[in-house]
Amino acid sequence: MVCRSLGANPDDLKDPIKISIPRYVLCGQGKDEHYEFEIKITVLDETWTVFRRYSRFRELHKTLKLKYPEVATLEFPPKKLFGNKDERVIAERRCHLEKYLRSFFSAMLKSPSSPLNIDKVGLTLSKYTVCEFSPFFRKGVFDYSSHGTS
Numbered sequence: 001m002v003c004r005s006l007g008a009n010p011d012d013l014k015d016p017i018k019i020s021i022p023r024y025v026l027c028g029q030g031k032d033e034h035y036e037f038e039i040k041i042t043v044l045d046e047t048w049t050v051f052r053r054y055s056r057f058r059e060l061h062k063t064l065k066l067k068y069p070e071v072a073t074l075e076f077p078p079k080k081l082f083g084n085k086d087e088r089v090i091a092e093r094r095c096h097l098e099k100y101l102r103s104f105f106s107a108m109l110k111s112p113s114s115p116l117n118i119d120k121v122g123l124t125l126s127k128y129t130v131c132e133f134s135p136f137f138r139k140g141v142f143d144y145s146s147h148g149t150s
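Shown next, in the form of structure tokens:
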């Protein structure tokens, strides 16, 4: 595990966590067919990738908005009853989820009640601290498909 204190590089303080959703993949068959979004996470100099379904994003949002009021104010992409397997809808959802995750981390880095708050004395931000904050970001968790990150 690599740990480095914030402040070693001035650029790290501006954007210590970078997150993107570069693609999505269709998984499963028949009734179990669904899309999973590839999430690329970089904390300082550590990068990893996890695949998550939209429902896991919703669980993350619902769970953490109860603990952190800042999360409740973030715009979360709504659930769609129809067309949720349409390529155009999925591409749009990918963009919205990426924007959501960026806003989410921005809020958590600034929140005094968040363990990821960058103003905390002695905080060493790392892949470990992000994965401990929420299992959503941990490899091997929620992975049911061949595209999972086991």
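Going by full-length UniProt numbering, 141 is the number at position 141 of the sequence shown; the sequence numbering is gapless. Idealized CB from N, CA, C, for every residue including glycine.
Alpha-carbon spacing of residue i relative to residue j, whole angstroms
| i | j | result |
| --- | --- | --- |
| residue 70 | residue 115 | 14 Å |
| residue 29 | residue 35 | 11 Å |
| residue 56 | residue 124 | 27 Å |
| residue 65 | residue 106 | 14 Å |
| residue 44 | residue 133 | 16 Å |
| residue 113 | residue 53 | 28 Å |
| residue 120 | residue 85 | 42 Å |
| residue 63 | residue 103 | 16 Å |
| residue 78 | residue 50 | 22 Å |
| residue 90 | residue 68 | 28 Å |
Cβ shell of residue i (< 7 Å), same chain only, five flanking positions each side left out
| i | result |
| --- | --- |
| residue 48 | 41, 127 and 139 |
| residue 94 | 21, 24 and 37 |
Contact set for residue i: own chain, Cβ-Cβ below 8 Å, skip 5 residues either direction
| i | result |
| --- | --- |
| residue 59 | 136 |
Fully enclosed by the UniProt domain "PX" (15–150), which beta strand (DSSP E) runs are 3 residues long or longer? 17–27, 34–43 and 46–53
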